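In my numbering, the protein residues as written are 225 to 916.
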Amino acid sequence: MDDNSVYRSLFFEESDDNLQQLNDNVLELESEPDNMDLVNEIFRAAHTLKGMAATMGYDVMTKLTHKMENLFDFFKSGKLKVNSDYISLIFRCLDRLSQLVEDLRDEKELSQDQISDLLEELEKVEESVNGSDQAAKTPEEEQDTGALTNVFEHLEEADLDVIHQAITGDYKAYSIAIRIDKESLLKGPRVFLIMEKLEQEGDVLHTEPSVDILEDGDFDTDFRLVYLTRDDLDMVKHNVESNSEIDEIIVEPFDEEKQQAGEKQQAEAPKTVEKQKAQQKQTPVKAAAKAKPKTTKNNKTSAAHQHANARNQSIRVDLTRLDRFLNLVSELVVYRNQLDDASMRNNADAMRDALEQVSRLTSELQDLVLKIRMQQVSVVFSRFPRMVRDLAKELNKEMELVVEGEETELDKTVVSELSEPLIHLLRNSSDHGIEAPDIREKEGKDRKGTIKLSAYQEGNRVIITLEDDGKGLDPAVIKESAESKGINTEGMSDDEIKKLIFHPGFSTAKEITNISGRGVGLDAVQAKISELGGSLEMKSELHVGTKFIIKLPLTLSIIQALMVRIGNESFAVPLDVVERVVMLKENEIVKTTNQEVYRFQEGLIPIIRTDRLLQIEPDPNKKKFAIIVKIDQKYYGILADELIGQQEIVIKKIDPMLQKINKYQGATIFGNGSIALILDVNAICNEKKGTE
Numbered sequence: 225m226d227d228n229s230v231y232r233s234l235f236f237e238e239s240d241d242n243l244q245q246l247n248d249n250v251l252e253l254e255s256e257p258d259n260m261d262l263v264n265e266i267f268r269a270a271h272t273l274k275g276m277a278a279t280m281g282y283d284v285m286t287k288l289t290h291k292m293e294n295l296f297d298f299f300k301s302g303k304l305k306v307n308s309d310y311i312s313l314i315f316r317c318l319d320r321l322s323q324l325v326e327d328l329r330d331e332k333e334l335s336q337d338q339i340s341d342l343l344e345e346l347e348k349v350e351e352s353v354n355g356s357d358q359a360a361k362t363p364e365e366e367q368d369t370g371a372l373t374n375v376f377e378h379l380e381e382a383d384l385d386v387i388h389q390a391i392t393g394d395y396k397a398y399s400i401a402i403r404i405d406k407e408s409l410l411k412g413p414r415v416f417l418i419m420e421k422l423e424q425e426g427d428v429l430h431t432e433p434s435v436d437i438l439e440d441g442d443f444d445t446d447f448r449l450v451y452l453t454r455d456d457l458d459m460v461k462h463n464v465e466s467n468s469e470i471d472e473i474i475v476e477p478f479d480e481e482k483q484q485a486g487e488k489q490q491a492e493a494p495k496t497v498e499k500q501k502a503q504q505k506q507t508p509v510k511a512a513a514k515a516k517p518k519t520t521k522n523n524k525t526s527a528a529h530q531h532a533n534a535r536n537q538s539i540r541v542d543l544t545r546l547d548r549f550l551n552l553v554s555e556l557v558v559y560r561n562q563l564d565d566a567s568m569r570n571n572a573d574a575m576r577d578a579l580e581q582v583s584r585l586t587s588e589l590q591d592l593v594l595k596i597r598m599q600q601v602s603v604v605f606s607r608f609p610r611m612v613r614d615l616a617k618e619l620n621k622e623m624e625l626v627v628e629g630e631e632t633e634l635d636k637t638v639v640s641e642l643s644e645p646l647i648h649l650l651r652n653s654s655d656h657g658i659e660a661p662d663i664r665e666k667e668g669k670d671r672k673g674t675i676k677l678s679a680y681q682e683g684n685r686v687i688i689t690l691e692d693d694g695k696g697l698d699p700a701v702i703k704e705s706a707e708s709k710g711i712n713t714e715g716m717s718d719d720e721i722k723k724l725i726f727h728p729g730f731s732t733a734k735e736i737t738n739i740s741g742r743g744v745g746l747d748a749v750q751a752k753i754s755e756l757g758g759s760l761e762m763k764s765e766l767h768v769g770t771k772f773i774i775k776l777p778l779t780l781s782i783i784q785a786l787m788v789r790i791g792n793e794s795f796a797v798p799l800d801v802v803e804r805v806v807m808l809k810e811n812e813i814v815k816t817t818n819q820e821v822y823r824f825q826e827g828l829i830p831i832i833r834t835d836r837l838l839q840i841e842p843d844p845n846k847k848k849f850a851i852i853v854k855i856d857q858k859y860y861g862i863l864a865d866e867l868i869g870q871q872e873i874v875i876k877k878i879d880p881m882l883q884k885i886n887k888y889q890g891a892t893i894f895g896n897g898s899i900a901l902i903l904d905v906n907a908i909c910n911e912k913k914g915t916e
């Protein structure tokens, strides 16, 4: 990977972080408008974002961020008071900046037109603060550095000889004067980028000010150079103009007579401070240190993108985990060498000992790699408070989002796919669930509706719930809408009618809006969750609220499992959900009116006969094993005919037809090549609960 790709990857990663921090902090500022510490933190994040954009040469981003930064400066100085209108304007700026970053990822050219509307709004705010006199200043009044000159103050005879020899050969000599934008944050790196581009096609012979001063950025706005190249004037001018943050340039063929006349005229004029700095011995520009942007991270690192445009393919890892990884690999190398040595000596005992250590290290490495792949769901959850705030304004409702368990970890591949389905569910709750404030008040509810988003781990799965205290689902309304669309609802129960909201193209909205009514959403959510190996459930009560429950696998690869035999078939039960295994006889199973139960911990728990559930020929042996599992705070006993043992298994995807049965989580392959299905204990127990 070349350096430019690395810098782009770092820029995108840091920009995403800063934009998310700004979104979070600005949302907090709306509720704490007098918190100056928060304003300072926001200002620093905006300044960092502007600096990164300027360093990369993204002028459009830089201009918008600079104007937005001025707004924060007004908050700091007390010239403006934080209010909802200013916050909304800032959010629009952050949204536009996010879009600009996405365009840059896709290697699209940014245009001033993309931000002109926001710049106009921000400038109006500035005018209201500074007054019309400040706003009426012309560029000439603001620019106090004088006219750009292309005459060198100190050009030695040796330089003139080199120029003369180059001109008599195949080269051309040009005198170039450049004025950097006065608002440029990093003049040193900007000069370096200009020089680097020029030196790809020629040689820079002389600079004023000197290279040291240019590198340090210790100059005002102007610098000059003598350039030798085979390119024509238009090409040289194009190479200079293609750089960003340039206010003005002059590119001319080097004229020795003009240079001498200029030196004489300048000698008679008073010397300025900058001219005194320029009176230094010429230094070859090629000796300039290749200053490149540096990025430091505290206790964190990131995997480099495999391609400059690769997205969502990196993950931040705690350095302690990487240190542990390196130590384990080092140990593995040691025992590999021991195995080689024992093999050469044909020492069976030594080989057995080394193999045991290799087995231990392999397990630890496997566990560590799974942990490295884990990512907190806060990566997705953090963007939702801002989204709910915007929806509340758009819908003229009062809503708040309560987030719990955002530190819960999931496999990176699952986390990265969670955003879209959760956005659909949140928009659905905001539009269809939460009522208007006046309606809520009439029903005896708080005017402000609450949406609760939570995540927690349960066994080998992560449960994500989205719950609102809105109006809930009305089966009568859904039935009417379904029948108008030609869906037959005859004989359906209320619960079955409610589940029609997952039907493709179904919507109860009377009008199509930007938020809902097009019939695209819940069916897509269900499809995406199923694709991730999870399940989606819904519970709703009229005038009380609606709750969506998403169950996702903790990891998509390797788990510990209890291998069992049911009839003549082998199955795997994820060990994380297993509380205990007990041996029982048929006479210990008690039959009640509608189910079979077993006495466990001074209570009765439902018994699930898996051979009947899976339609397997039963084993005539009266001795059974009950695998006690705990689902939704309730115990169940899953019957098996034999315990094969505990084993670490690799989860493989199964055919979509088997997935629809909703009893299998996946499949695994034994060492002898045979295949066993992995029981979806959550689904089996929930099905049992539904029949009680």
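Here a beta-carbon is modelled for each residue, glycine too, at the ideal position from N, C-alpha and C.
From a predicted model like this one, the values you see are computed outputs, not experimental measurements.
Query                                                                                                                                                                                           : Result
Helix, strand or coil for Pro-830, going by three-state DSSP, please let me know.                                                                                                               : strand
Pull the bridge partners of His-430 from the DSSP assignment, please.                                                                                                                           : Val-450
Please look up how many angstroms separate the CB atoms of Ile-418 and Val-464, rounded, as I've assumed it's under 8 Å.                                                                        : 7 Å
Opposite Met-623 in the DSSP bridges: which residues?                                                                                                                                           : Gly-673
Look at the alpha carbon of Asn-374 and the alpha carbon of Arg-320, and state the distance between them as a whole number of angstroms.                                                        : 39 Å
For a test of the three-state rule: what should DSSP assign to Gln-244, helix, strand or coil?                                                                                                  : helix
Just the C-alpha distance for Gln-784 and Val-802, rounded to the nearest angstrom, thanks.                                                                                                     : 11 Å
Could you tell me whether the Cβ atoms of Asp-692 and Ile-675 are closer together than 9 Å?                                                                                                     : yes
From Lys-672 to Lys-617, what distance separates their C-alpha atoms?                                                                                                                           : 13 Å
By the DSSP assignment, the beta strand (DSSP E) with Arg-403 in it spans what residues?                                                                                                        : 396-404
Do the CB positions of Ile-831 and Gly-861 come within less than 9 Å of each other?                                                                                                             : yes
What are the boundary residues of the beta strand (DSSP E) that includes Gly-769?                                                                                                               : 769-777
Whose C-beta lies closer than 7 Å to the C-beta of Pro-645 among residues of the same chain, with five residues either side of it excluded?                                                     : Val-749, Lys-752, Ile-753
Assuming Asp-865 contacts Arg-789 under a Cβ cut-off of 8 Å, what Cβ separation, rounded to an integer in Å, is found between them?                                                             : 5 Å
Using the three-state DSSP reduction, which class does Glu-628 fall into: helix, strand or coil?                                                                                                : strand
At a cut of 8 Å, does the segment 464-483 reach the segment 279-287 through at least three beta carbon pairs?                                                                                   : yes
Counting along the chain, where does the alpha helix (DSSP H) carrying Val-475 start and finish?                                                                                                : First-last for Val-475: 470-477, but that is the beta strand (DSSP E), not the alpha helix (DSSP H).
Starting from the C-beta of Glu-628, find all residues in its chain whose C-beta is less than 6 Å away, skip the five residues before and the five after it, and write them out in chain order. : Ser-678
Alpha carbon to alpha carbon, what distance is there between Val-450 and Lys-421?                                                                                                               : 14 Å
Can you look up Arg-610 in the DSSP assignment and give me helix, strand or coil?                                                                                                               : helix
Closest to Leu-776 by CA distance: which of Glu-755, Arg-454, Ile-663, Leu-828 is it?                                                                                                           : Glu-755
How is the alpha helix (DSSP H) around Asp-297 delimited, first residue to last?                                                                                                                : 283-301
Could you please give the first and the last residue of the uninterrupted beta strand (DSSP E) stretch that includes Thr-689?                                                                   : 685-692
Excluding the 5 residues preceding and the 5 following Lys-274 in the sequence, name in chain order all residues of the same chain whose CB lies nearer than 7 Å to its CB.                     : Thr-286, Thr-289, His-290, Glu-293, Leu-409
Count Cβ pairs between the segment 596-603 and the segment 557-568 that sit closer than 8 Å; are there 3 or more?                                                                               : no
Check whether the segment 899-911 and the segment 873-886 are in contact - that is, three or more C-beta pairs closer than 8 Å.                                                                 : yes
Just confirm the distance between the C-beta atoms of Gln-581 and Tyr-559, as a whole number of angstroms; I'd bet it's less than 8 Å.                                                          : 5 Å
Using the three-state DSSP reduction, which class does Met-762 fall into: helix, strand or coil?                                                                                                : strand
Would you give the residue range spanned by the beta strand (DSSP E) that Leu-634 belongs to?                                                                                                   : 633-635
Skipping 5 residues on each side, what residues in its chain have a beta carbon closer than 8 Å to that of Asp-547?                                                                             : none
Would you list the residues sitting across from Met-807 in a DSSP beta bridge?                                                                                                                  : Phe-849
Just how far apart, CA to CA, sit Arg-215 and Arg-613?                                                                                                                                          : Nothing about residue 215 can be reported from this structure: the residues present for the chain run from 225 to 916 only.
Count the other CB atoms, across all protein chains shown, that sit within 10 Å of the CB of Gly-683; report buried if there are 16 or more and exposed otherwise.                              : buried
Throw me the rounded Cβ distance for the Ala-397 and Ala-390 pair, which I believe falls under 8 Å.                                                                                             : 6 Å
Between which two residues does the alpha helix (DSSP H) holding Thr-373 run?                                                                                                                   : Thr-373 -> no alpha helix (DSSP H), and no H or E assigned at all.
Alpha carbons only, please: which of Lys-482, Val-821, Pro-699 is nearest the one belonging to Ile-852?                                                                                         : Val-821
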